[in-house]
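J.: Handing you a structure now.
In C-alpha cells form, the structure reads like this:
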C-alpha cells in the first residue's frame, strides 16, 4: 500500500527546506522505502514562518499558531518598501551631486547648470508625489535631506575651490551638514533594535528613527540653493551684461551671502534645541 503525506516547510523543526514536499512510503519485502517528491514553491510568508518556527523553538517544544502568526506580522511590520518613485528620484539626486561637482571644477558651467536645475526639479517632484500618492516612507524622510545636503556640500566645495564664493560661507555650510551627518549616524545606532549588526545598520528597510526638518531648515535649504545656483550662473551671465548691471547683481549676491550665513547657523541650532527634529520609532530593546 502506497501512502503519501504532504509536508510543508513550516512543519519542520530541525531545519528549513525551501520547498514543500510529498513523502511517499511503500512497503516492499518487509521493508519500508520512502522518497521525496517536491511540490510547488512556497510563498515568502511560509518561509518566514518556517524560519521563525525553527529558530525560536526547540524540537521538543510546540509553538502556538497564534504566537507564530503574531511573529510573522511583527517581522513584516519592521520593514517598509523603499523602492518607490520618490525615493528613486532622491537617489538620482544623490548620484547627480558628484557629477555636478566635476562639471564645476572642469569649468563646464552650462552642463553644470543643466544638471543642477534638473536636481532642483526632482527635489520638488519627489515630495509632491510622495504626499499626493501616499508614498511617504521613513527612509525618504532620511535620504531626502541627505541628498539635499550632499548636493549643497558638493556645490559649495567646488565653488569655493574655483573662487566663485568665499571660503567662510563654504566652511559654514560644510561644517553644519557634517555635524548633522554625525548626529544622524548616532541616532541610527541608538534607535536600532538588537541585534546591532553592520548589515542591519545599513538596511534602510528597517526604519528606526525619523528625521523631521525644522521650519528654519527648510528656508535655509531653499536660500542655499538660490545662492549657490546664482553663484554658479553669475560668471556666465556677467559676460553678456553691462558692468553696472553686473555690479548690482554682485551686491545682491553679497547680501544674499550674509542671509545664507545667518540661516545656516540658525538652522543648525534648531536641530540642537528642537524636540521634534528626530523621532525614535523603536526603543533599543526592540519594542515600539
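Residue numbers (our numbering): 44 to 331.
Where is the CB? At the ideal position from N, CA and C, for every residue including glycine.
1. Which ranges would you report for the alpha helix (DSSP H) in the segment 283 to 327 if only whole runs of at least 4 residues count?
2. So is residue 315 buried or exposed if we call it buried at 16+ other beta carbons inside 10 Å?
3. In whole angstroms, what is the alpha-carbon distance linking residue 136 and residue 151?
4. According to DSSP, which residues form a beta bridge with residue 199?
5. With a threshold of 16 other CB atoms inside 10 Å of the CB of residue 261, please say whether the residue is buried or exposed.
6. Considering only the alpha carbon of each residue, which of 182, 200, 127 and 193 lies closest to residue 275?
7. Does the contact criterion of 3 or more C-beta pairs under 8 Å hold for the segment 127 to 144 versus the segment 171 to 190?
8. In terms of residue numbering, what span does the alpha helix (DSSP H) encompassing residue 169 cover?
9. With respect to the alpha helix (DSSP H) encompassing residue 215, which residues constitute its N-terminal and C-terminal limits?
10. What residue does the alpha helix (DSSP H) around residue 146 start on, and which one ends it?
11. Out of curiosity, what's the CA-to-CA distance linking residue 203 and residue 308?
12. Leaving aside the five residues before and after residue 306 along the sequence, list all residues of the same chain whose C-beta is less than 7 Å from its C-beta, in chain order.
13. Is it the case that the Cβ atoms of residue 244 and residue 235 are separated by a distance below 8 Å?
14. Taking the alpha-carbon positions, what's the residue 323 to residue 183 distance?
15. Residue 243 lies in the alpha helix (DSSP H); which residues open and close that run?
16. Relative to the C-alpha of residue 194, which residue among 304, 176, 269 and 153 is closest?
17. If residue 146 and residue 155 are in contact, beta carbons under 8 Å, what's the gap, nearest whole angstrom?
18. Less than 8 Å between the C-beta atoms of residue 198 and residue 143, yes or no?
19. Which whole-angstrom value describes the C-beta separation of residue 212 and residue 303, a residue pair presumed to lie in contact below a C-beta threshold of 8 Å?
20. Taking buried to mean at least 16 other C-beta atoms within 10 Å of its own C-beta, is residue 283 buried or exposed?
21. For the alpha helix (DSSP H) containing residue 280, list its first residue and its last residue.
T.: On the basis of the supplied data:
1. 286 to 316
2. Along the chain shown, one-based indexing puts residue 315 at 272. Exposed, by the Cβ-count rule.
3. Within the chain shown, the letter at position 93 stands for residue 136. Within the chain shown, the letter at position 108 stands for residue 151. Distance between the alpha carbons of residue 136 and residue 151 is about 19 Å.
4. As a working note, residue 199 is residue 156 in the chain shown. DSSP output for residue 199 lists no bridge partner at all.
5. Taking the chain shown and counting its residues from 1, one reaches residue 261 at position 218. The residue is exposed, with fewer than 16 neighbouring Cβ atoms inside 10 Å.
6. Against the chain shown, residue 275 aligns to sequence position 232. Cα-wise, what sits closest to residue 275 is 200.
7. yes
8. Stepping through the chain shown from its first residue, residue 169 is reached at position 126. That run of the alpha helix (DSSP H) goes 152 to 175.
9. Position 172 of the chain shown, counted from the start, is the residue given in the question as residue 215. Segment 210 to 234, the alpha helix (DSSP H) holding residue 215.
10. The residue you call residue 146 lines up with position 103 of the chain shown. Where residue 146 is concerned, the enclosing alpha helix (DSSP H) stretches over 128 to 148.
11. As a first step, residue 203 is located in the chain shown; it is residue number 160 there, counting from the start. As a first step, residue 308 is located in the chain shown; it is residue number 265 there, counting from the start. Cα to Cα, residue 203 sits roughly 19 Å from residue 308.
12. As a working mapping, residue 306 is identified with position 263 in the chain shown. Cβ neighbours of residue 306 beyond the five flanking positions: 259, 262, 263 and 266.
13. Numbered from its first residue, the chain shown carries residue 244 at position 201. Numbered from its first residue, the chain shown carries residue 235 at position 192. Their beta carbons are under 8 Å apart, which means residue 244 touches residue 235 by this criterion.
14. Along the chain shown, one-based indexing puts residue 323 at 280. Along the chain shown, one-based indexing puts residue 183 at 140. Approximately 15 Å, taken between the alpha carbons.
15. Reading the chain shown from its first residue, position 200 is the one you call residue 243. Unbroken alpha helix (DSSP H) run through residue 243: 241 to 244.
16. By 1-based counting over the chain shown, the position of residue 194 is 151. Residue 194 has its Cα closest to that of 269, out of 304, 176, 269 and 153.
17. If you number the chain shown from 1, residue 146 lands on position 103. If you number the chain shown from 1, residue 155 lands on position 112. Confirmed, Cβ separation roughly 4 Å.
18. To locate residue 198, count along the chain shown from 1; it is residue 155. To locate residue 143, count along the chain shown from 1; it is residue 100. Closer than 8 Å, so yes.
19. Mapped onto the chain shown, residue 212 falls at position 169. Mapped onto the chain shown, residue 303 falls at position 260. Sure, about 7 Å apart at Cβ, within 8 Å.
20. As a working note, residue 283 is residue 240 in the chain shown. Exposed.
21. For this step, residue 280 is matched to residue 237 along the chain shown. Residue 280 -> alpha helix (DSSP H) spans 258 to 280.
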